[in-house]
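Undergrad:
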Amino acid sequence: MRRGLGKVSFPFLFVLMMQLSCVAVAEQDDDFDWIAVTLDNDLFVSNDNGYTNGFYVTALDLSDNKEYMPTNDFWVWPLLWTLDDSEVEGAVNVYSIGQTLLSPSDIMIEVSAENELPYAELLTFFNTYLTANVNTADRISTTIGIIGPWALGEETQKTVHKAIGADEPQGWDTQL
266 MRRGLGKVSF
276 PFLFVLMMQL
286 SCVAVAEQDD
296 DFDWIAVTLD
306 NDLFVSNDNG
316 YTNGFYVTAL
326 DLSDNKEYMP
336 TNDFWVWPLL
346 WTLDDSEVEG
356 AVNVYSIGQT
366 LLSPSDIMIE
376 VSAENELPYA
386 ELLTFFNTYL
396 TANVNTADRI
406 STTIGIIGPW
416 ALGEETQKTV
426 HKAIGADEPQ
436 GWDTQL
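Note that our numbering has the sequence shown beginning at 266, numbered continuously upward.
1. Going by the CB atoms, is the gap between Thr393 and Val359 shorter than 8 angstroms?
2. Taking the CB atoms as reference points, tell me whether Thr364 and Ala301 lie closer together than 8 angstroms.
3. Could you give the distance in angstroms between the alpha-carbon of Ser328 and the alpha-carbon of Ala402?
4. Can you give me the Cβ contacts of Lys427 inside the same chain, cut-off strictly under 8 angstroms, excluding the 5 residues immediately before and after it?
5. Flag this pair as yes or no: are the beta carbons of Leu367 and Tyr316 separated by less than 8 angstroms?
6. What do you reckon, is the C-beta of Ala301 under 7 angstroms from a heavy atom of the ligand ZN?
7. Count the C-beta pairs between the stretch 434-441 and the stretch 376-390 that are closer than 8 angstroms, then say yes if the count reaches three, no if not.
8. Specify the secondary structure class of Thr396 as computed by DSSP and reduced to three states.
9. Tell me, please, which residues DSSP counts as bridged to Glu386.
Here is the structure:
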(Lines of atoms letter the chains of each structure in order from A and count residues from 1; the text may use other names and numbers.)
(Lines give C-alpha, C1' and ligand atoms only; values in the text may rest on other atoms or scores of the structure.)
Protein backbone atom coordinates (compact mmCIF):
# COMPACT_ATOMS: atom_id res chain seq x y z
CA MET A 1 0.00 0.00 0.00
CA ARG A 2 1.29 3.44 -0.90
CA ARG A 3 1.89 5.90 1.88
CA GLY A 4 3.18 9.41 1.99
CA LEU A 5 2.02 12.97 2.03
CA GLY A 6 2.59 13.47 -1.71
CA LYS A 7 0.06 10.80 -2.68
CA VAL A 8 -2.65 12.02 -0.32
CA SER A 9 -2.20 15.79 -0.23
CA PHE A 10 -3.08 16.61 -3.85
CA PRO A 11 -6.37 14.64 -3.95
CA PHE A 12 -7.25 15.97 -0.51
CA LEU A 13 -6.63 19.54 -1.65
CA PHE A 14 -8.59 18.88 -4.87
CA VAL A 15 -11.60 17.59 -2.94
CA LEU A 16 -11.32 20.41 -0.40
CA MET A 17 -11.16 23.02 -3.18
CA MET A 18 -14.26 21.58 -4.85
CA GLN A 19 -16.18 21.42 -1.56
CA LEU A 20 -15.26 25.00 -0.74
CA SER A 21 -16.44 26.03 -4.19
CA CYS A 22 -19.80 24.34 -3.55
CA VAL A 23 -20.04 25.99 -0.12
CA ALA A 24 -19.29 29.40 -1.63
CA VAL A 25 -21.99 28.91 -4.24
CA ALA A 26 -24.43 27.67 -1.60
CA GLU A 27 -23.86 30.79 0.49
CA GLN A 28 -24.29 32.97 -2.58
CA ASP A 29 -27.62 31.37 -3.52
CA ASP A 30 -28.81 30.86 0.10
CA ASP A 31 -29.19 27.11 -0.33
CA PHE A 32 -29.59 24.34 -2.85
CA ASP A 33 -32.97 22.95 -3.77
CA TRP A 34 -31.73 19.36 -3.77
CA ILE A 35 -28.71 17.48 -2.48
CA ALA A 36 -28.17 13.89 -3.56
CA VAL A 37 -25.68 11.27 -2.44
CA THR A 38 -25.17 8.30 -4.75
CA LEU A 39 -23.33 5.08 -3.95
CA ASP A 40 -22.85 2.39 -6.58
CA ASN A 41 -20.73 -0.47 -5.32
CA ASP A 42 -19.99 -4.07 -6.17
CA LEU A 43 -20.89 -5.02 -2.61
CA PHE A 44 -24.53 -4.91 -3.69
CA VAL A 45 -23.96 -7.57 -6.38
CA SER A 46 -20.85 -9.33 -4.98
CA ASN A 47 -18.95 -8.93 -8.25
CA ASP A 48 -15.95 -6.79 -9.25
CA ASN A 49 -16.49 -7.13 -12.99
CA GLY A 50 -16.08 -3.73 -14.66
CA TYR A 51 -17.70 -0.78 -12.92
CA THR A 52 -16.87 -1.56 -9.32
CA ASN A 53 -17.59 1.63 -7.38
CA GLY A 54 -19.06 5.08 -7.72
CA PHE A 55 -19.62 7.64 -5.00
CA TYR A 56 -21.01 11.07 -5.79
CA VAL A 57 -22.34 14.07 -3.89
CA THR A 58 -24.49 16.36 -6.04
CA ALA A 59 -26.13 19.70 -5.28
CA LEU A 60 -28.81 21.22 -7.53
CA ASP A 61 -30.16 24.75 -7.66
CA LEU A 62 -33.25 24.96 -9.88
CA SER A 63 -36.10 27.25 -10.73
CA ASP A 64 -38.95 27.72 -13.18
CA ASN A 65 -39.63 31.20 -11.81
CA LYS A 66 -38.46 33.84 -14.31
CA GLU A 67 -37.84 36.28 -11.46
CA TYR A 68 -35.30 33.98 -9.87
CA MET A 69 -33.05 31.87 -12.02
CA PRO A 70 -30.02 30.04 -10.70
CA THR A 71 -26.92 31.90 -11.76
CA ASN A 72 -24.29 30.13 -13.78
CA ASP A 73 -20.89 29.74 -12.16
CA PHE A 74 -17.40 30.56 -13.43
CA TRP A 75 -16.82 26.89 -14.25
CA VAL A 76 -19.12 27.20 -17.28
CA TRP A 77 -18.58 30.85 -18.27
CA PRO A 78 -16.34 29.99 -21.26
CA LEU A 79 -19.26 27.97 -22.73
CA LEU A 80 -22.11 30.47 -22.26
CA TRP A 81 -21.93 31.62 -25.88
CA THR A 82 -23.30 28.20 -26.94
CA LEU A 83 -26.64 28.67 -25.16
CA ASP A 84 -29.80 29.63 -27.07
CA ASP A 85 -30.51 33.38 -26.98
CA SER A 86 -34.24 32.78 -26.40
CA GLU A 87 -35.89 33.80 -23.16
CA VAL A 88 -35.15 31.27 -20.42
CA GLU A 89 -38.17 29.89 -18.57
CA GLY A 90 -36.35 27.48 -16.30
CA ALA A 91 -32.79 26.73 -15.26
CA VAL A 92 -30.80 24.23 -13.22
CA ASN A 93 -27.28 24.61 -11.89
CA VAL A 94 -25.67 21.30 -10.85
CA TYR A 95 -22.47 20.71 -8.88
CA SER A 96 -21.14 17.22 -8.32
CA ILE A 97 -18.01 15.66 -6.90
CA GLY A 98 -17.31 11.96 -7.02
CA GLN A 99 -15.08 8.98 -7.57
CA THR A 100 -15.50 6.20 -10.15
CA LEU A 101 -13.59 2.89 -10.05
CA LEU A 102 -13.16 0.21 -12.71
CA SER A 103 -11.58 -3.21 -12.24
CA PRO A 104 -11.15 -6.40 -14.28
CA SER A 105 -13.42 -9.40 -13.75
CA ASP A 106 -10.73 -11.34 -11.82
CA ILE A 107 -9.21 -9.11 -9.15
CA MET A 108 -6.93 -11.89 -7.89
CA ILE A 109 -4.70 -11.73 -11.00
CA GLU A 110 -1.90 -9.15 -10.82
CA VAL A 111 -1.85 -8.39 -14.58
CA SER A 112 -5.19 -8.33 -16.38
CA ALA A 113 -5.69 -9.97 -19.77
CA GLU A 114 -5.70 -7.66 -22.82
CA ASN A 115 -9.45 -8.05 -23.33
CA GLU A 116 -10.21 -7.03 -19.72
CA LEU A 117 -10.87 -3.59 -18.34
CA PRO A 118 -7.82 -2.21 -16.53
CA TYR A 119 -7.79 -1.00 -12.96
CA ALA A 120 -8.74 2.65 -13.27
CA GLU A 121 -10.14 5.41 -11.15
CA LEU A 122 -11.38 8.91 -11.71
CA LEU A 123 -11.92 11.63 -9.12
CA THR A 124 -14.07 14.39 -10.63
CA PHE A 125 -15.83 17.66 -10.06
CA PHE A 126 -18.35 18.95 -12.55
CA ASN A 127 -20.62 21.92 -12.93
CA THR A 128 -23.54 21.72 -15.36
CA TYR A 129 -25.88 24.57 -16.24
CA LEU A 130 -29.18 23.77 -17.99
CA THR A 131 -31.66 26.24 -19.43
CA ALA A 132 -35.08 25.59 -20.94
CA ASN A 133 -37.95 27.33 -22.65
CA VAL A 134 -40.98 26.12 -24.60
CA ASN A 135 -38.93 25.15 -27.67
CA THR A 136 -35.44 24.27 -26.48
CA ALA A 137 -33.35 22.93 -23.66
CA ASP A 138 -29.61 23.53 -23.54
CA ARG A 139 -26.87 22.20 -21.32
CA ILE A 140 -23.28 23.25 -20.82
CA SER A 141 -20.91 21.44 -18.52
CA THR A 142 -17.33 21.59 -17.31
CA THR A 143 -15.65 18.57 -15.78
CA ILE A 144 -12.23 18.51 -14.15
CA GLY A 145 -10.63 15.51 -12.58
CA ILE A 146 -7.74 13.32 -11.64
CA ILE A 147 -7.00 9.88 -13.05
CA GLY A 148 -4.36 7.49 -11.75
CA PRO A 149 -2.91 6.88 -8.29
CA TRP A 150 -3.73 10.37 -7.01
CA ALA A 151 -7.43 9.56 -7.44
CA LEU A 152 -7.05 7.03 -4.59
CA GLY A 153 -8.83 4.11 -6.28
CA GLU A 154 -6.57 1.44 -4.80
CA GLU A 155 -7.03 2.78 -1.30
CA THR A 156 -10.80 3.04 -1.75
CA GLN A 157 -11.26 -0.47 -3.12
CA LYS A 158 -8.95 -2.11 -0.58
CA THR A 159 -10.63 -0.28 2.31
CA VAL A 160 -14.13 -1.31 1.17
CA HIS A 161 -13.04 -4.90 0.53
CA LYS A 162 -11.42 -5.12 3.97
CA ALA A 163 -14.57 -3.72 5.62
CA ILE A 164 -16.88 -6.22 3.89
CA GLY A 165 -14.51 -9.20 4.06
CA ALA A 166 -14.01 -9.45 0.27
CA ASP A 167 -10.83 -10.53 -1.53
CA GLU A 168 -8.06 -7.95 -1.71
CA PRO A 169 -7.53 -6.75 -5.29
CA GLN A 170 -4.07 -7.63 -6.63
CA GLY A 171 -3.62 -5.59 -9.80
CA TRP A 172 -3.54 -1.94 -8.81
CA ASP A 173 0.15 -1.75 -9.76
CA THR A 174 -1.02 -1.94 -13.40
CA GLN A 175 -3.65 0.81 -13.16
CA LEU A 176 -4.07 3.54 -15.75
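Think of the CB as a built atom: it goes at the ideal place given N, C-alpha and C, for glycine as much as any other residue. The structure presented is a predicted model; accordingly, all values stated were derived computationally and were not measured.
TA: Let me lay it out:
1. Yes; because the gap between Cβ atoms is below 8 angstroms, this pair is in contact.
2. Inspection of the sequence shows that residue 364 is occupied by Gln rather than by Thr. With contacts defined as CB atoms closer than 8 angstroms, Gln364 and Ala301 fail to qualify as a contacting pair.
3. Ser328 and Ala402 have their alpha carbons spaced roughly 14 angstroms apart.
4. Cβ within range, chain order: Glu433.
5. Closer than 8 angstroms, so yes.
6. In the structure shown, the ligand ZN is absent, as is every other ligand, since no ligand is present at all.
7. Judged by Cβ distances under 8 angstroms, the stretch 434-441 makes contact with the stretch 376-390, as three or more pairs qualify.
8. Looking at Thr396 - three-state DSSP - the assignment turns out to be strand.
9. In DSSP, Glu386 forms a bridge with Leu366.
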